[in-house]
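Undergrad: Structure below; questions to follow.
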Amino acid sequence: MKIESIRIKNFRLFQNVTINQLPNCCVFVGANGTGKTSLFDLFGFLHDALTYNVTQALEKRGGFFEVVSRGTSGPIELELKFRDLKATSAFVTYLLVIDFVNNQPVVKREILKLRSGTRAGGLKHFLDFSLGRGKVITHEQVNHKRPDTKEKFQEEQLISSDILAIKVLGQLQRFEIISELCRFIEKWHLSDFQQGEIRSVNKAAGYNKHLSSSGDNLARFAQTIYDKHPDTYRDILRKMARRVPGVAKVEPVTENGRILLKFQESAFDVPFLSWQVSDGTISLLAYLLLLHDPNPHPLLCVEEPDRQLYPHLLRELAEEFSLYALMGESQIFVSTHSPDFLNGAELTEIFWLEAQKSGYTQMHRAAESQLLHDLVSDGELPGALWKQTLLEDANLP
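Residues in the sequence shown are numbered from 1 upward in steps of one, following the working numbering.
As structure tokens, this is what we get:
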């Protein structure tokens with residue numbers, strides 16, 4: 001399952017933005033303050049709204065009026081289109097409209113609809129709710145393989161107007177498409193490694209299925225891969241050795257109830273511990289572990305992986321991200337400030353965020369510029385073009 005397009009209205013800096021035909025790997029660039037972090041937080045917001053409710057998702061971010069675009073009163077509108085569902089060959093559109101009514105946030109409108117891609121199938125509303133009340137297609141008619149079937153709906157009432165209808169209905173086995181969408185959103189992952197966190201000493205207590213957003217369980221996750229997926233771990237070490245000369249081995253070791261990462265360098269007999277190696281070395285290990293997760297996230301958002309890394313490593317790291325998206329069923333969104341990282345990306349993967357005079361942000365697809373397309377075809381690298389401000393000067397639509 002992949003995100004095909006996103007339409008955002010009144011969400012922070014995105015007063016009215018639409019991006020279509022999203023590839024499996026997307027790289028977002030732009031000046032500070034243009035909304036790269038806000039874009040990724042959109043996915044975190046939807047994840048929290050599904051996991052808890054809209055009120056808690058907003059409170060985590062300062063409340064409705066801190067999330068709604070400045071200078072507007074709302075409502076916040078988020079519309080996502082999905083492709084490649086297992087439950088249906090149709091394209092699925094999910095619309096969520098959030099407003100502030102009677103001094104509290106509410107789900108003003110929530111719609112799930114399917115388009116089969118055939119003239120016979122057309123567009124079908126699968127779910128339509130407003131303020132806690134709505135209708136959902138009946139179980140007998142949940143036959144997306146029969147586009148000629150006339151829909152029948154049943155009315156439903158939620159216990160609160162700030163709960164997502166898909167959260168409730170996704171628990172029912174008969175709503176296969178809603179359940180798949182919920183599982184997809186629940187598995188979204190935002191990664192923003194912090195140096196102080198990835199050097200943490202972890203207690204030797206069980207295994208971790210995934211690397212955390214901050215990387216604070218790096219040692220324990222490394223232990224998981226080391227013990228349960230030794231071939232994957234050896235592949236990671238081979239890549240580490242190629243990119244960081246001198247690193248012969250990295251081994252998770254349990255001592256006194258703690259898991260320590262020991263880095264063995266070929267020039268020394270005594271290994272270094274995680275807090276003794278460079279920021280770049282431990283960051284690279286963290287990203288390689290993230291990208292070799294045996295249970296990859298369907299959507300992975302990574303903030304500025306170029307931090308702390310030596311420039312010549314960044315193009316190869318960008319290629320690792322692209323490979324991650326190509327090899328499995330995952331989609332990956334990356335933000336960067338590095339021309340070197342951008343040099344490892346395809347022009348079709350690059351999106352440029354630009355602040356408008358209004359203060360809001362617009363988003364452009366680099367591949368839509370004929371100038372950039374011609375320059376890259378002639379052998380120019382995207383990062384070099386960005387450094388020359390040609391992305392800004394390309395008159396992107």
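Note that the Cβ used here is the ideal one computed from N, Cα and C, for glycine as well.
Contact defined as beta carbons within less than 8 Å: I believe Thr398 pairs with Leu13. What is the distance between those atoms, to the nearest angstrom?
TA: Within the shown structure, residues of the chain are numbered from 1 to 397, placing residue 398 beyond reach of any answer.
Undergrad: Is there a Cβ of chain D sitting closer than 8 Å to that of Tyr360, yes or no?
TA: Although the question refers to chain D, the structure presented lacks it and comprises just one protein chain.
Undergrad: How many whole angstroms separate the CB atoms of Ala345 and Ser322, which I take to be in contact at a CB cut-off of 8 Å?
TA: Yes, they are in contact, since the Cβ atoms of Ala345 and Ser322 sit about 7 Å apart, within 8 Å.
Undergrad: Give a yes or no on whether the C-beta atoms belonging to Ser214 and Glu197 are separated by under 8 Å.
TA: Yes.
Undergrad: Where Ala120 and Leu112 are concerned, what is the direct C-alpha to C-alpha distance, given to the nearest angstrom?
TA: Unreliable positioning characterises Ala120 in this predicted model, as indicated by a pLDDT of 46, which lies under 50. The coordinate reading is nonetheless provided below. Their backbone Cα atoms lie some 19 Å apart in a straight line.
Undergrad: Bridge partners of Glu176, per DSSP?
TA: Paired residues: none, contrary to the question.
Undergrad: Phe82 and Lys2: beta carbons closer than 8 Å?
TA: Cβ distance < 8 Å, so Phe82 and Lys2 count as in contact.
Undergrad: Who are the near neighbours of Phe184 in its chain, counting only those whose CB is closer than 8 Å to its CB and skipping five residues on each side?
TA: Excluding sequence neighbours, Phe184 sits near Met1, Phe82, Pro298, Leu299.
Undergrad: Straight-line CA distance for Gly379 to Lys60?
TA: When rounded, the distance between both Cα atoms is 46 Å.
Undergrad: Under 8 Å by Cβ, that's how I've got Ala49 and Leu237 pegged, so tell me the actual separation to the nearest angstrom.
TA: Ala49 to Leu237, Cβ: 40 Å. No contact.
Undergrad: For Thr18, count neighbouring C-beta atoms within 10 Å of its own C-beta (all shown protein chains included) and say buried if the count is 16 or more, exposed if not.
TA: Burial call: exposed.
Undergrad: Could you pull the start and end residues of the beta strand (DSSP E) that Ala248 belongs to?
TA: 247-255 is the span of the beta strand (DSSP E), which, as asked, contains Ala248.
Undergrad: Going residue by residue through the region 181-244, where are the continuous alpha helix (DSSP H) segments of at least 4 residues, counting only ones entirely within it?
TA: Correct list: 195-198, 218-228, 230-243.
Undergrad: Taking Ile259 as the reference, give the member of Leu211, Glu265, Ser200 with the closest Cα.
TA: Closest option to Ile259, Cα to Cα, is Ser200.
Undergrad: Count Cβ pairs between the region 64-80 and the region 98-109 that sit closer than 8 Å; are there 3 or more?
TA: They touch, by the three-pair rule.
Undergrad: Is DSSP giving Gln388 helix, strand or coil here?
TA: It is coil, neither helix nor strand.
Undergrad: Under 8 Å between the Cβ atoms of Asp279 and Gln195?
TA: Yes, these two residues count as a Cβ contact at 8 Å.
Undergrad: Check for me: the beta strand (DSSP E) holding Arg315 runs from which residue to which?
TA: Per DSSP, Arg315 belongs to no beta strand (DSSP E); it is in the alpha helix (DSSP H), 311-327.
Undergrad: What separation, rounded to the nearest whole angstrom, lies between the Cα atoms of Val302 and Gly30?
TA: When rounded, the distance between both Cα atoms is 15 Å.
Undergrad: Taking 7 Å as the cut-off, is the CB of Ile185 close to at least one heavy atom of the ligand FMN?
TA: Annotation note on the ligand FMN: not contained in the displayed structure, which lists no ligands.
Undergrad: Out of curiosity, what's the CA-to-CA distance linking Glu402 and Phe153?
TA: It is not possible to answer for residue 402, since the shown part of the chain is limited to 1 through 397.
Undergrad: Between His312 and Gln157, what straight-line distance do the alpha-carbon atoms span, to the nearest angstrom?
TA: So the two alpha carbons sit approximately 57 Å from each other.
Undergrad: Looking only at C-alpha atoms, which of Ser358, Leu211, Gln56, Asp84 sits nearest to Asn295?
TA: Closest option to Asn295, Cα to Cα, is Leu211.
Undergrad: Would you mind giving the Cβ-Cβ distance between Val250 and Phe268, rounded to the nearest angstrom? I have them listed as a contact below 8 Å.
TA: Going by Cβ atoms, the distance from Val250 to Phe268 rounds to 14 Å, so no, they are not a contact pair.
Undergrad: For Asp227, I'd like the list of residues in its chain whose CB is within less than 8 Å of its CB, leaving aside the five on either flank, ordered along the chain.
TA: Taken in chain order, the residues that qualify are Tyr207.
Undergrad: For His125, does the three-state DSSP call read helix, strand or coil?
TA: Looking at His125 - three-state DSSP - the assignment turns out to be strand.
Undergrad: May I ask you to list the residues that DSSP assigns as paired with Tyr94?
TA: Answer by DSSP bridge pairing, in chain order: Leu80, Leu112.
Undergrad: Could you work out which residue in Thr37, Arg133, Asn202, Leu347 is closest to Pro252 when comparing CA atoms only?
TA: The option with the nearest alpha carbon to Pro252 is Asn202.
Undergrad: So, helix, strand or coil for Ala355, using DSSP?
TA: Correct three-state label for Ala355: strand.
Undergrad: Just grab the DSSP bridge partners of Thr18 for me.
TA: Partner(s): Arg7.
Undergrad: Met363 and Leu353 - do their beta-carbons sit closer together than 8 Å?
TA: It is a contact, given that the beta carbons lie within the stated cut-off.
Undergrad: With a CB to CB cut of under 8 Å and the five nearest residues on each side skipped, what residues in its chain are close to Asn217?
TA: Counting only Cβ-Cβ distances below 8 Å, and skipping sequence neighbours, we find Ser200, Asn202, Asn208, Leu211.
Undergrad: Phe272 and Phe40: beta carbons closer than 8 Å?
TA: No.
Undergrad: What three-state label does DSSP hand Ile163 in the structure shown?
TA: Correct three-state label for Ile163: coil.
Undergrad: Going by Cα to Cα distance, which pick from Gly44, Asn343, Asp374 is closest to Ser191?
TA: The shortest C-alpha separation from Ser191 is found at Gly44.
Undergrad: Check the DSSP bridge columns for Asp99 and list the partner residues they point to.
TA: BP columns for Asp99 point to Val106.
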